[in-house]
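Protein chains in written order, with this note's numbering: chain A, 20 to 365; chain B, 20 to 365; chain C, 20 to 365; chain D, 20 to 365. Data block below; observations after.
Here's what the structure looks like:
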């Protein structure tokens, strides 16, 4: 039985880890931290998590935590994660970091987009980017995982087979993403209050969202050359889910069925990626509460464009579910354990 | 491994049974019927149910189905269920009927409220009303379960300890229920179209809803005398969940803590009923996707009224989850199996 | 052309006043205050209010404001309103206060429920409770209006004809209200964040909500004796609207049509109250964005109970629209001016 | 006072015309048709339209209708509109057709995308495409207006200044649109039922939506050469509104402020187009219930791409409001009459 600590447990990714791990047969949460809720029972804040009757929030005291767990999930804000990650890693623990602090391999890029210096470059160099469909073998041997961002997960899974297969013009990639409101985190902020979000829809951070360099890093790695992309996030008036619509010019004439075959070949053995049939497209509702990614593609022969649609639950495949998947891979547990739930529909 | 057949599998309670049973270690769905989708693959209609790759909808041919399963769940429309229930029951199968056809013990009452004659009164007499918190021992020995309606489940669980304990004036009971839209079923109907329901809220069927006699039957049984109640259902602009607010005059002075103690004593060992602390009230969001019922109570000393609030997921505890709970009890399986999921929050 | 000042203009009732008054032919907003947005252009915060290009938020400097307007609408927090109301009133202005500070005639009751002393009792005594359907003649001559609360508006309009007509047992009144989230105000608070409210529904403040004494005050006045009621508010996952379901035992046998006739007689000439036909019930969606109140009634002969359903838009008839209605009455303008919009449906 | 007939009045565009015209000082609805509701009072179906107490649905009897009105709004299904439009036009009436039947100038294109022959080509040739920002002068003299589709309105208004100004590479245009559910019409269809749409989000008709040729026709006209575009519609879980995000490669280096100046110059005198400041982007919520279009732009210098965001209410600026705007222009009424409402926010 793996002992799990969750640092930063009162946000949506933290409580989603608790939900998922409650159904994992081989893992047990032994500690959970929250500075502002320290000393309170978890169930006082979240009565629906009644399986964790005995769990109390504690402050993030790294030394005290060290012996309480084998695996450390960090769901701390960007910047705040660096030091804790380094500490647990340097003390021999397995660490899965859900922040952005260890996702960008180049500290200069991290500084450019997050405005922070990276103080632990040697540790950064030992980090594996935790997208199993790209790095499964490296994850198996890793002790430190940078769990991918939600938008990058949806975009990279959508483009991976197309870029690997040389299907698209790398200078033409447009990534138009729409995310549910939980992606903004759990916070007191008028901008995410019900009455401002409900019955609304907007773009934000056009061309400037911090997930842009993360997407570009991985797509460039796949392509073997530097890629820049147009990435626009939008805010959906629903709780969970990201749907990403991707456009790229095709390098040669082809059709939808041929492209689908490339996708099915790449993802045929992947437990959590589902390539849909021709004419069927993903719906956020079909992946809600699950670790699955639905993919659909369409070749527009009038414009010679490949259109790819990708849907995930941002809190599961885009965060806590993928983190548990990484844990399973790192520890040799069967990959699907704890992650088999089907979508809550409706 | 129990073999399960689901008759009427393309509605919300049918696909919810499929979702729940996909996570049940001791059960396997071997047949599913739908007249209008007969011949189609389940996953062609519902791609999110990808665990059932091989399942095809078939027409409801009772003789052919008989050997395919040990347990028959019937999720057919009211009236259409009578004959099939009788058939499978008379042929020795265990049957759990999610329609209203076998819920009312008195065929006259059934005729008054549903406008239909009951053609299988001897079978009706052998039916057990499947509310485990009331009839667990009888369910254990039953072969035919009338699975409770969604509104009755929320109302009866809310009132059971108060009536058993003699706390309330039986002539003063007001039951004000609010249900998510999945309670109306899966159908093509302008009245449940998105644009008519969204951002709306209304009462309907005031004093005339068919769940009224079902509620009254069970409350009268608990009280040992005939009770009539005011029951008003409302339509909430959300997918799942019922919240029922109940008012009844107290028979004597008391306070919230004393009443909570009565409730905790009654439900302390119940796996699926959670009595909340003083000042904490249920939220539909806390039970979404789960088989749990949250209960909160408040004594209003200014008016000498007991106010009880009850929340369930109408498709789980109010339908398919309770059906699986009944199956577990009938077959001697551990009660919680397949039903341990915590709420999807947010 | 009436000159209007709005004190506390950055909340939902303030911006709703701006929306309504933009369509009022005889009124012009000349000043708007907000402490935290002082100095900013209104359109910088709310680009959709583009008709007010020249309006700047200013701090609430009472002396400076005095000459800028004829009518003062105060949309300040409870407690903060007392002094400003008194000042503008004592300086000869017409004042419409949307806070609760002048609604309760008894300063002791105000203290009990709001925890505040009332420092301006002589002014309080000259206040008229601004429910036109009850106090039209007094409003005509008033210079200070306490604009009714949203829940009280829906509850009192629902009960007025029944109590006046002696139809109901005054000790049996249950008021079960459901409000959209804008009723909680515009604020940074996790409890009203999208992901906590959406797909949820809950009761709150059972028996303790501050609108209780306001409802009781007016119902007692109508009845000529002291009444206490059970009042439970609930939070709906939608922007606007209150639907209130009211239960009371009938004093004698009657039927729905007879009660409807009492209601139609009372409200037949009211411009903003619409009594629906037998079997038709109100829907929040039918009054959204309007100053109309829809009423439906049902006599439950099985239980001898009158059930009344009332729907309003909490920000219009429940706040800013009713305030403009009061302004029209106080200034001799045609009552419906600026308030004729039909519901935005869907 | 203009006399108005609405043919096909029970759908969302029909009842939206009724809502808007109820606030128009110079117009009066004298007839409304619906085949399936013929003989019923309008208010029996839509109690919220209580201003139209005397209006009855009648069948579409063209000869009988002819003398009842000066202006005919047709909100009929595509295909069904052709003959009626031709009849009223040939009999000297002013006609505004909200269907697609007269939008495409080339009958061959109409046949390709709608699968129907066009039987009234001479009438088609006399039709003006009713986008006032493009064709105001022609609309002034027109007697037959093809009212633009909702998606095309949002896309064309977004691209017009960029194409006219030669700012963008015409072969690179990507139009990613997201529409509220009322765009699908008022109908009994599981696909638009609440539980299927709510908490979901999906793309549909990728590359094949019938608004594609309409968009291409007008953009080609603006460009002076044939353009094809990638157009993907998506379904939003909200009632009203379209937000369109447009991507196109820039023809030369520029910046956001320079492009905004081009947009402000073009739209500075337009009553219903609002160009937002740098860094501010449209939100569907800011235009809800209004005839306004909000536009925002961003130059992404990393990718040399112009990103344009456009928001309208699909039922107002995208349908019935634009139709009334066209009526005002055709009849010499002040353009803004009946269309001055600000957004319902929240």
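In this text, a Cβ means the ideal position worked out from N, Cα and C, and glycines have one as well.
Taking all protein chains shown into account, do 16 or more other C-beta atoms lie within 10 angstroms of the C-beta of residue i, making it buried, or fewer, making it exposed?
i	result
residue 298(B)	exposed
residue 359(A)	exposed
residue 72(D)	exposed
residue 138(D)	exposed
residue 209(A)	exposed
residue 206(A)	exposed
residue 307(C)	buried
residue 212(D)	buried
residue 276(D)	exposed
residue 292(D)	buried
residue 321(C)	exposed
residue 151(D)	buried
residue 80(A)	exposed
residue 249(A)	buried
residue 122(B)	buried
residue 395(B)	The shown model of chain B, from 20 to 365, leaves out residue 395(B), and the question about it has no answer.
residue 218(C)	buried
residue 77(D)	buried
According to DSSP, which residues form a beta bridge with residue i?
i	result
residue 77(C)	52(C)
residue 46(C)	21(C)
residue 312(A)	292(A)
residue 252(C)	196(C)
residue 373(D)	Because chain D spans 20 through 365 in this model, residue 373(D) falls outside it and cannot be assessed.
residue 302(A)	221(D)
residue 93(A)	26(A) and 116(A)
residue 324(A)	268(A) and 319(A)
residue 60(C)	75(C)
residue 212(B)	212(D)
Please confirm whether residue i has its beta-carbon closer than 8 Å to some beta-carbon of chain G.
i	result
residue 266(A)	Any reference to chain G falls outside this structure, whose protein chains are A, B, C and D.
* Asked: Below 8 Å, can you find three or more Cβ-Cβ pairs linking the stretch 272 to 289 of chain C to the stretch 20 to 33 of chain D?
  -> Judged by Cβ distances under 8 Å, the stretch 272 to 289 of chain C makes no contact with the stretch 20 to 33 of chain D, as fewer than three pairs qualify.
* **Where the stretch 207 to 222 of chain A meets chain C: residues whose CB sits under 7 Å from a CB there** => Answer in chain order: 207, 208, 209, 211, 212, 213, 214, 216, 217 and 218.
* Asked: Can you find at least 3 beta carbon pairs, one from the stretch 250 to 260 of chain D and one from the stretch 50 to 70 of chain B, that sit closer than 8 Å?
  -> Contact between the stretch 250 to 260 of chain D and the stretch 50 to 70 of chain B is absent: fewer than three C-beta pairs spanning the two stretches fall below 8 Å.
* Can you list the alpha helix (DSSP H) stretches of 4 or more residues lying completely in the stretch 110 to 193 of chain B, in chain order? -> Complete alpha helix (DSSP H) runs here, min 4: 126 to 133, 140 to 144, 151 to 160 and 169 to 183.
* Asked: Would the stretch 224 to 240 of chain D and the stretch 164 to 178 of chain D be scored as touching if the rule is three or more Cβ pairs under 8 Å?
  -> The stretch 224 to 240 of chain D is in contact with the stretch 164 to 178 of chain D.
* Touching or not, the stretch 33 to 48 of chain B and the stretch 349 to 364 of chain B, by the rule of three or more beta carbon pairs under 8 Å? -> The stretch 33 to 48 of chain B is in contact with the stretch 349 to 364 of chain B.
* chain B contacts made by the stretch 249 to 262 of chain A, where a contact means CB separation under 9 Å -> Contacts with chain B (Cβ-Cβ distance below 9 Å) from the stretch 249 to 262 of chain A involve 258 and 259, listed in chain order.
* To do: Give, in chain order, every residue of the stretch 286 to 317 of chain D whose Cβ lies closer than 7 Å to some Cβ of chain A.
  => Taking 7 Å as the Cβ-Cβ cut-off against chain A, the residues of the stretch 286 to 317 of chain D that qualify are 300, 301, 302, 303, 304, 307 and 317.
* To do: With 7 Å as the limit, tell me which residues of the stretch 178 to 206 of chain D have their beta carbon closer than that to any beta carbon of chain A; keep them in chain order.
  => Of all residues in the stretch 178 to 206 of chain D, only 193, 195 and 197 place a beta-carbon less than 7 Å from a beta-carbon of chain A.
* Could you say if the stretch 279 to 292 of chain A and the stretch 193 to 204 of chain D meet the contact criterion of at least three C-beta pairs nearer than 8 Å? => Below 8 Å, too few C-beta pairs join the stretch 279 to 292 of chain A and the stretch 193 to 204 of chain D to call them touching: fewer than three.
* Asked: In the stretch 151 to 168 of chain C, which residues sit with their C-beta less than 7 Å from some C-beta in chain D, listed in chain order?
  -> Cβ proximity to chain D below 7 Å picks out nothing from the stretch 151 to 168 of chain C.
* Please name the residues in the stretch 225 to 247 of chain B whose beta-carbon is closer than 8 Å to at least one beta-carbon of chain C, in chain order. => Residues 225, 226 and 247.
* Does the stretch 155 to 168 of chain C touch the stretch 101 to 120 of chain C, meaning 3 or more C-beta pairs lie closer than 8 Å? -> Yes: the two stretches touch, three or more of their Cβ pairs being nearer than 8 Å.
* Does the stretch 323 to 337 of chain C come within contact of the stretch 254 to 268 of chain C, defined as at least 3 CB pairs closer than 8 Å? -> Pairwise C-beta distances place the stretch 323 to 337 of chain C in contact with the stretch 254 to 268 of chain C, as three or more of them are shorter than 8 Å.
* Asked: Taking Cβ-Cβ distances below 8 Å as the criterion, which residues of the stretch 66 to 80 of chain D are in contact with chain C?
  -> Per Cβ criterion, the list reads 66, 67, 68, 69 and 70.
* Compile a chain-ordered list of the residues in the stretch 318 to 329 of chain C whose CB is closer than 7 Å to at least one CB of chain B. => Residues 319, 321, 322, 324, 326 and 328.
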